[in-house]
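Residue numbers (this note's numbering): 350 to 603.
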């Protein structure tokens, strides 16, 4: 299994001392993180995330965020219990918006201007998703939080993160994962010989059927040569470290 990157990374996201130095990022946050392992929103957790994002923004990095809704609903799980999958997925999309509003509130308490854009129209609480408007917000130093997934069933927020990153011309997708701090040669929970990989390729991830991120997200990034950094959500500074160029998680490239 190779650990060698085979394609050049875009200039704006060239590795520096083993990490990235991006200008504009899309940060994917899982819903489970927002709940602190329980149903609902844990204010202490969201406050910690907001402080990290605020630190990054003050350093001049443009940040867009895609938020999951797993702390409230998961469409695929509801389907297994007999619910119609599209309806269950729409419920999950609404759950992501609740997380978006919570993150917006805590970010603005940190003094960071924030806009929520949703793929499903809900004009009283959010703007519609318009890529050019999102880019303009980012250029003005605002954080843009994308909610309601893709606005369509059967699409995960992992895939949406890659799609949004491509549309707003981000330099990298930062995949903050709950319970996983990178890509391993095997499942570290069951194989004591598993070792974490510093670098990897999308092709290898697809061939080996890695499930740490959805295959559709891997494919989008691979086809468009968009780097992805998979790192653990646990810790008070993991987002800052991921953006600041420290060696963290696993960098996946084309």
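The C-beta atom is built at its ideal place from N, Cα and C for all residues, glycine as well.
Secondary structure at residue 590: helix, using DSSP grouped into helix, strand and coil.
Nearest Cα to residue 408 within the set 492, 453, 434: 492.
Distance from the CA of residue 429 to the CA of residue 374, rounded to the nearest whole angstrom, comes to 34 Å.
For residue 506, the enclosing alpha helix (DSSP H) covers residues 506-516. For residue 418, the number of other beta carbons within 10 angstroms of its own is at least 16, and it is reported as buried. Listed in chain order, the non-local C-beta contacts of residue 385 below 6 Å within the same chain comprise 391, 394, local neighbours out to five positions each way being set aside. Pairing residue 480 with residue 470 gives a Cβ-Cβ distance that is not under 7 Å. Membership of residue 529 in any alpha helix (DSSP H) is not indicated, and neither H nor E is assigned to it by DSSP.
Inter-segment contact for the region 564-583 and the region 501-514 is present: three or more beta-carbon pairs are separated by less than 8 Å. A straight-line Cα-Cα distance of about 12 Å links residue 487 and residue 495. Three or more Cβ pairs drawn from the region 455-472 and the region 495-504 lie within less than 8 Å of each other, which places the two stretches in contact.
Where residue 377 is concerned, the enclosing beta strand (DSSP E) starts and stops at 373-378. For residue 552, the uninterrupted alpha helix (DSSP H) run begins and ends at 551-556, by DSSP. For residue 442, no beta strand (DSSP E) encloses it; the enclosing alpha helix (DSSP H) starts and ends at 434-458. If you check the CB distance, residue 525 and residue 378 come in under 7 Å.
By the neighbour-count definition (other C-beta atoms within 10 Å, threshold 16), residue 541 is an exposed residue. DSSP, read as helix, strand or coil, puts residue 413 in strand.
Positions of the alpha helix (DSSP H) runs, each at least 4 residues long and wholly inside the region 460-501, are given as 480-488 in order along the chain. Residue 389 sits away from residue 448, with the two beta carbons spaced by 7 Å or more.
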